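Below is one structure; the comments refer to it alone.
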Amino acid sequence: PRRHRLAPSILSADFARLGEEVQRVVEAGCDVIHFDVMDNHYVPNLTIGPLVCEAIRPCTKAPIDVHLMVRPVDALVPMFAKAGADIISFHPEASDHVDRTLALIRDQGCRAGLVLNPATPLHHLDHVMDRLDLILVMSVNPGFGGQSFIPSALDKIAAIRRRIDAHTERTGAEIWLEVDGGIKPSNIRAVADAGADTFVAGSAIFGARDADGGYHEVVRALRAALEE
Ligand code: DX5
Ligand code: ZN
6 PRRHRLAPSI LSADFARLGE EVQRVVEAGC DVIHFDVMDN HYVPNLTIGP LVCEAIRPCT
66 KAPIDVHLMV RPVDALVPMF AKAGADIISF HPEASDHVDR TLALIRDQGC RAGLVLNPAT
126 PLHHLDHVMD RLDLILVMSV NPGFGGQSFI PSALDKIAAI RRRIDAHTER TGAEIWLEVD
186 GGIKPSNIRA VADAGADTFV AGSAIFGARD ADGGYHEVVR ALRAALEE
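With full-length UniProt numbering applied, the sequence shown covers 6 to 233.
Encoded structure:
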């Protein structure tokens, strides 16, 4: 069976205690810290940048997965690489030269990803599979946490899974398939069955802050749903 990774989106964390929040979700069994960067230009919201990435870097050994929802992209890549990002992904329509931006991310020592919005077609993956370490499928429109999962994402995930498997067979290269938006215990299994291996969850995980069992309990529920 495929390895499943949980990637809590710190967009829904308590920003007044961000370092502690990161440590608590990793301690609860999460694998990757998903870091949402919004610029009030590519998306209608404004969040956090390289300074905050640098500030949380010493708090955990877990990989930091930077999801850039910004336009333009390139100037931020070296800044996040220096701030300790492990993975940097961006939306292809936000870069004039997608191949160049992907190469830049690897040149800076990070793993590179492309992000597809609900209406972004798969042909953006053509000709760049060799440059990819990760494909991030949006199952909501980017900009906000707490939205509902868009069901058409499932077919898209399955189609991308087929492309990745064919690519891996041909080249031996590994590409993560991550899904972002509206994931919770009740739908994570369907997302996994469609072929995802990495699951972003913002409101589902951090929303359990004050619930019984807190982060440990919601992580247990997500893992249990995956293993059902
Ligand atoms: C949306 C962000 C997501 C978001 C996920 O633009 O990219 O990472 O925080 O939050 P939930 O899990 O609440 O949909
Ligand atoms: Zn995200």
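Here a beta-carbon is modelled for each residue, glycine too, at the ideal position from N, C-alpha and C.
If you're wondering where the values come from, they're calculated on a predicted model, not measured in any experiment.
query, result
"Identify whether residue 4 lies in helix, strand or coil by the three-state DSSP scheme.", "With the chain running from 6 to 233 in the structure shown, residue 4 is simply not present."
"Use the C-beta contact count for Ser-94: other C-beta atoms within 10 angstroms, 16 or more gives buried, fewer gives exposed.", "buried"
"Which first and last residues belong to the alpha helix (DSSP H) in which Phe-211 is found?", "208 to 211"
"Can you tell me where the alpha helix (DSSP H) with Arg-116 in it begins and where it stops?", "Here Arg-116 belongs to no alpha helix (DSSP H); instead the beta strand (DSSP E) covers 116 to 121."
"Okay, do the stretch 77 to 96 and the stretch 112 to 126 touch, 3+ Cβ pairs below 8 Å being the bar?", "yes"
"Assuming Asp-185 is part of the beta strand (DSSP E), what are its boundary residues?", "181 to 185"
"Using a Cβ-Cβ cut-off of 7 Å (strictly less than) and excluding sequence neighbours within five positions of Asn-45, which residues of its own chain qualify?", "Leu-51"
"Is any heavy atom in the ligand ZN found nearer than 7 Å to the beta carbon of Val-205?", "yes"
"How would you write the range of the beta strand (DSSP E) that Met-74 sits in, first residue to last?", "69 to 74"
"Indicate, with yes or no, if the ligand ZN has a heavy atom lying under 7 Å from the CB of His-96.", "no"
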